[in-house]
Amino acid sequence: MAAIQPLKRANRVPTQFWVPLWKHPGLFYRMARGVYRKYVLASRDHDRPDGRSESLWLVSMRITHRCNHRCAICGQWGEKGYNKLEGAPKVMGEVPLEIYKSMVDEILPRKPHIYITGGEPFLYKDLVPLVNYMKLKGLSVQIVTNGVGLEKNAEEIVLNGWDMLCVSLDGPREVHDRCRGLNGAYDTAQKGFRRIRDLKKRLRKRKPTIYTLTTISQTNQAVLIDTLKEAASLEPDIIVVYYSWFTSEVLGMKHTEILKRELGIEPFAWKSYVRDLSGLDTRLISEEVARIKKLDLGRPVVFVPQLDPMEVETYYRRPEDFLGWSRCLAPWFQVDIMPNGDVVNCRDFPDIIMGNVKDRPLLDIYNDEKFRAFRKALQKAPDGVFPTCSRCCGLMGY
125 MAAIQPLKRA NRVPTQFWVP LWKHPGLFYR MARGVYRKYV LASRDHDRPD GRSESLWLVS
185 MRITHRCNHR CAICGQWGEK GYNKLEGAPK VMGEVPLEIY KSMVDEILPR KPHIYITGGE
245 PFLYKDLVPL VNYMKLKGLS VQIVTNGVGL EKNAEEIVLN GWDMLCVSLD GPREVHDRCR
305 GLNGAYDTAQ KGFRRIRDLK KRLRKRKPTI YTLTTISQTN QAVLIDTLKE AASLEPDIIV
365 VYYSWFTSEV LGMKHTEILK RELGIEPFAW KSYVRDLSGL DTRLISEEVA RIKKLDLGRP
425 VVFVPQLDPM EVETYYRRPE DFLGWSRCLA PWFQVDIMPN GDVVNCRDFP DIIMGNVKDR
485 PLLDIYNDEK FRAFRKALQK APDGVFPTCS RCCGLMGY
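Numbering of the sequence shown is given in my numbering, commencing with residue 125 and proceeding in unit increments.
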């Protein structure tokens with residue numbers, strides 16, 4: 125299949141994403157506010173010569189590194205995960221609940237959206253009281269989970285109006301368990317998902333909005349349609365399909381050269397995303413994607429990124445091709461917090477530590493000298509991106 129070269133394009137949130145949000149006017153407003161902050165305010169701040177930003181909307185919390193799954197493609201605990209890399213800095217410890225509560229009080233006037241991931245978020249012992257506190261304060265909260273804590277905490281989640289849950293579903297039972305490196309993972313996710321769905325119906329609650337998330341891999345590429353049919357049977361609000369994040373050794377070395385020159389640091393985390401993709405059948409994936417886009421599953425299906433099936437070959441075989449995406453705005457509208465409280469510019473590339481929420485207010489860190497220096501370095505980069513950004517969901521997502 126010949127690679128195609130699309131024109132430069134800007135990201136747009138697909139129509140399917142908004143469909144389930146119509147049922148939640150407050151959440152719809154918050155998401156629309158985020159889109160405005162990213163594509164209007166952050167775009168404006170991007171051009172500031174001082175590197176400052178007043179457009180913060182997304183506070184992303186990698187709340188724990190602990191996880192009960194061992195997914196092969198995971199950048200943290202996978203085959204090359206940075207938590208296992210020899211010589212890589214180790215992130216130890218977690219932030220106490222009271223410090224997170226103080227942080228919530230600090231950022232409340234900005235009305236940010238909170239995105240919580242891990243590891244597995246439900247393995248952070250104070251997740252439930254923390255999210256309940258965020259909800260009490262009126263913040264919107266989104267959690268990505270493998271499902272391990274859903275059944276146990278279903279009533280807390282539904283009764284306290286948690287906003288959004290994104291539950292991983294990587295295949296039918298056997299395939300899902302192989303992808304996740306854990307027997308029984310599928311059943312745990314299914315039970316939790318169904319418990320929350322049934323509670324919502326019984327209590328006549330609209331929240332949380334629930335997504336399923338399928339990440340394409342060598343293990344599930346031949347059963348994508350079956351996987352999405354399984355997902356649809358759970359009656360999620362949205363089915364999300366992610367093409368996966370990766371980079372190459374060549375791009376990593378170019379990335380290292382730039383960051384050494386501009387910021388005086390030697391990045392390590394990109395090595396976690398150098399993967400052997402030779403086992404991916406791009407023709408098969410392209411054909412499956414084309415079929416899925418014609419299927420009526422009774423639920424909106426959103427692909428991340430939004431690709432034409434003809435672009436699948438280029439996506440996996442030529443990671444140096446940005447497929448038209450340019451000018452990353454993420455550092456101008458979001459901030460990322462690691463499990464130990466370190467504030468970084470990217471939760472998956474935590475190479476540059478800007479500060480720590482246990483020591484300083486988050487908003488001070490967000491516009492301090494280190495953060496501004498990073499933004500200015502990104503401004504100077506060709507097309508406003510670094511080499512290893514080419515498959516990043518922060519650039520190509522919504």
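Virtual Cβ for every residue (Gly too), placed ideally from N, Cα, C.
Values in this document were obtained by computation on a predicted structure and should not be read as measured data.
Spanning the alpha carbons of Tyr163 and Arg190 requires a straight line of approximately 34 angstroms.
For Gln266, the three-state secondary structure derived from DSSP is strand.
The alpha-carbon separation between Ser264 and Tyr335 amounts to approximately 16 angstroms. By the Cβ-count criterion, Arg302 is buried, with 16 or more other Cβ atoms from all chains shown falling within 10 Å of its own Cβ.
The DSSP assignment places complete alpha helix (DSSP H) segments of no fewer than 4 residues inside the segment 138–201 at 139–142, 149–160, 167–170, in order along the chain. For Ala156, the closest C-alpha among the options Trp181, Ser396, Tyr490, Met227 is that of Trp181. Counting other Cβ atoms within 10 Å of its Cβ, Lys395 reaches 16 or more and is therefore classed as buried. Taking Ala309 as reference, the option from Gly285, Arg194, Tyr239 with the minimal CA-CA separation is Arg194. Relative to the Cα of Arg319, the nearest Cα in the group Gly271, Ser184, His300 belongs to Gly271. Closest option to Ser514, judged by alpha-carbon separation, among Ser372, Asp400, Ser402, Leu487: Ser372. Using a 10 angstroms sphere on the CB of Ser402, the tally of other CB atoms stays under 16, which defines it as exposed. Contact between the segment 462–479 and the segment 407–422 is not established, with fewer than three Cβ pairs separated by less than 8 angstroms. Taking C-alpha positions only, Glu493 is separated from Asp174 by approximately 10 angstroms. Going by beta carbons, Leu358 and Phe317 fall inside the 8 angstroms limit. The criterion of a C-beta distance shorter than 8 angstroms is satisfied by His148 and Arg330. Look at the segment 387–465 and you find these whole runs of beta strand (DSSP E), each 3 residues long or longer: 425–428, 458–461.
The C-alpha of Tyr153 lies about 32 angstroms from the C-alpha of Glu218. Straight-line spacing of the CA atoms in Arg471 and Arg415 works out to 33 angstroms. Going by beta carbons, Tyr257 and Ile187 fall outside the 8 angstroms limit.
The beta-carbon distance between Leu221 and Leu254, rounded to whole angstroms, is 6 angstroms. This is short enough to meet the 8 angstroms contact definition. The three-state secondary structure of Tyr366, taken from DSSP, is strand.
Check the Cα spacing between Arg168 and each of Leu453, Ile489, Gly521, Asp483: the tightest is with Leu453.
In the same chain as Asn307, and ignoring 5 residues on each side of it, the C-beta atoms closer than 8 angstroms to its own belong to Asp301, in chain order. Arg161 places its beta carbon 8 angstroms or farther from that of Arg496. Between Leu289 and Glu444, the alpha-carbon positions lie close to 32 angstroms from each other. DSSP lists Val268, Tyr335 as the bridge partner or partners of Cys290. Comparing alpha-carbon positions, the option among Glu230, Val291, Ile223 lying closest to Thr241 turns out to be Val291.
Taking a C-beta distance under 8 angstroms as the contact criterion, Val365 and Ile340 qualify as a contact pair. Annotation: Thr512 is outside any beta strand (DSSP E) and is labelled neither H nor E by DSSP. Within the DSSP secondary-structure output, Tyr239 pairs in a beta bridge with Ser184, Gln266.
Closest in alpha carbon position to Asp311, among Arg321, Pro296, Lys324, is Pro296.
Exclusion of the five residues before and after Leu323 leaves Ala278, Val282 as the residues of its chain whose Cβ lies within less than 6 angstroms of its Cβ. Shown here for Gly158: same chain residues with a beta carbon closer than 6 angstroms to its own, the five before and five after excluded, namely Trp181, His237 in chain order. Arg442 and Met434 have their alpha carbons spaced roughly 13 angstroms apart. When rounded, the separation of the alpha-carbon atoms in Val268 and Tyr239 is 8 angstroms.
Secondary structure note for Asn480: its beta strand (DSSP E) is the uninterrupted segment 477–480.
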